[in-house]
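The number in my numbering is simply the position in the sequence shown, starting from 1, with 203 added. Just so it is clear, CB atoms sit at the ideal spot from N, CA and C, and this is done for glycine as well.
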Amino acid sequence: MILGFIGTGKISSSIIYGIFKSKLKVRKIYISSRNTNIAKKLAKKFGQIRVLKDNQEIVDKSSVIFLGITPNVGNKILPKLKFSKNKKIISLISTINLEKLKKFTKLKNIVRATPLPPIEIKRGPIIICPPNKFVKNIFKHLGKVLEIRDEKLSYKFWSTASLMAAYYEILNTSSKWLIKKGINKKFANTYIAELFLALSQDALNKSSQGYKKLVADSQTPKGLNMQVLNELKKGKFFTKFTKALDNVNKRVSK
Ligand SMILES: NC(=O)c1ccc[n+]([C@@H]2O[C@H](COP(=O)([O-])OP(=O)(O)OC[C@H]3O[C@@H](n4cnc5c(N)ncnc54)[C@H](OP(=O)(O)O)[C@@H]3O)[C@@H](O)[C@H]2O)c1
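Given below as structure tokens:
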């Protein structure tokens with residue numbers, strides 16, 4: 204399989220790092236020279252990678268093409284590219300829908316995928332829409348594939364995936380707080396990562412039961428967890444949290 208990446212930014216490079224840690228058989232990967240620094244670094248690290256300046260050349264030389272560009276760039280460059288019928292397109296672009304992608308590329312079988320940066324460690328959910336066996340067989344090496352038929356429903360995951368930075372800010376705030384109280388930086392950072400990793404692993408193990416029980420089970424009446432939860436609720440933290448999800452949803456559903 205020969206892969207091509209139009210746009211060598213954060214998500215494309217995360218996928219590429221994941222691929223080289225996985226058992227996926229790839230003969231060659233063509234990547235665009237943009238972003239230059241990332242492209243140079245990847246080409247230096249992995250022998251199968253070739254950097255090309257021309258997006259059309261990437262398309263022509265690859266059998267599977269990942270679109271790792273922003274919507275603005277996509278709207279500008281995709282209508283100018285020519286895709287022969289045998290190409291498989293995986294679009295990572297957040298807000299260009301399937302109808303528009305089909306119009307731009309004149310291809311019918313396009314799949315949209317929403318991987319997240321932890322794909323570089325072969326972890327995390329990967330939404331693909333519509334369901335597609337070929338694309339699933341690629342991504343199953345790189346994380347947990349979840350297939351969705353309804354494109355409009357697939358947008359909802361863009362909202363929850365947008366929690367990443369806020370999640371890391373919770374880790375950052377917690378760790379900074381410990382450091383300020385006198386804990387060694389390395390110790391604090393390790394503690395926080397291990398804490399959230401353990402909570403997430405436990406949540407994953409118990410995901411079939413839902414999360415309400417975990418919220419209840421982690422509080423003793425009048426205990427410390429209850430205090431924090433109540434303070435955050437009082438400050439409308441979770442109302443604002445849901446509002447932020449609604450607002451991203453409005454943006455991606457346009
Ligand atoms: N980051 C995520 O977690 C994530 C997850 C899933 C999907 N996505 C989606 O994937 C897309 C890319 O996101 P990203 O976070 O990877 O963004 P990014 O880091 O900004 O990458 C975009 C890349 O496109 C390149 N580019 C700009 N103009 C180009 C052109 N004419 N031809 C070829 N490449 C060009 C940029 O190069 P320069 O730096 O040289 O301009 C950059 O390397 C977005 O639509 C985003 O919504 C992102």
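Given I280 as reference, the closest of N375, I209 and I395 once Cα atoms are compared: Among N375, I209 and I395, the Cα nearest to that of I280 is on I209.
Can the beta-carbon of I234 be found closer than 8 Å to that of V254? In contact: I234 and V254 (Cβ atoms closer than 8 Å).
Does the beta carbon of P318 fall short of 7 Å from some heavy atom of ligand 1? P318: yes, Cβ under 7 Å from ligand 1.
Between the Cα of Y394 and those of K379, A316 and P334, spot the shortest distance and give me the residue it belongs to. Y394 has its Cα closest to that of K379, out of K379, A316 and P334.
Indicate the three-state DSSP secondary structure (helix, strand or coil) for K389 in the structure shown. In the structure shown, K389 sits in a helix (DSSP, three-state: H, G or I).
P334 by DSSP, collapsed to three states: which one? Residue state, collapsed to three classes: coil.
Relative to the C-alpha of N452, which candidate in R315, L402, L432 and L366 has its C-alpha closest? Nearest of R315, L402, L432 and L366 to N452, Cα basis: L366.
Just to confirm, does S265 get its C-beta within under 7 Å of one of the non-hydrogen atoms of ligand 1? Annotation for S265 indicates a beta carbon at 7 Å or more from all heavy atoms of ligand 1.
Curious, which full-length alpha helix (DSSP H) runs of at least 4 residues does the segment 401-450 contain? Secondary structure within the segment 401-450: the alpha helix (DSSP H) runs of 4 or more consecutive residues, fully enclosed, are 415-420 and 427-437 (chain order).
Cβ of P328 versus every heavy atom of ligand 1: is any distance shorter than 7 Å? No; taking the cut-off as 7 Å, the Cβ of P328 has no heavy atom of ligand 1 nearer than that.
Return the CA-CA distance between L319 and K213, expressed in angstroms with no decimal places. Pairing L319 with K213, the inter-Cα distance amounts to about 10 Å.
Neighbour-count burial assignment, F342, 16 or more Cβ in a 10 Å radius: In summary, F342 is buried, with 16 or more beta-carbon neighbours lying within 10 Å of its beta-carbon over all protein chains present.
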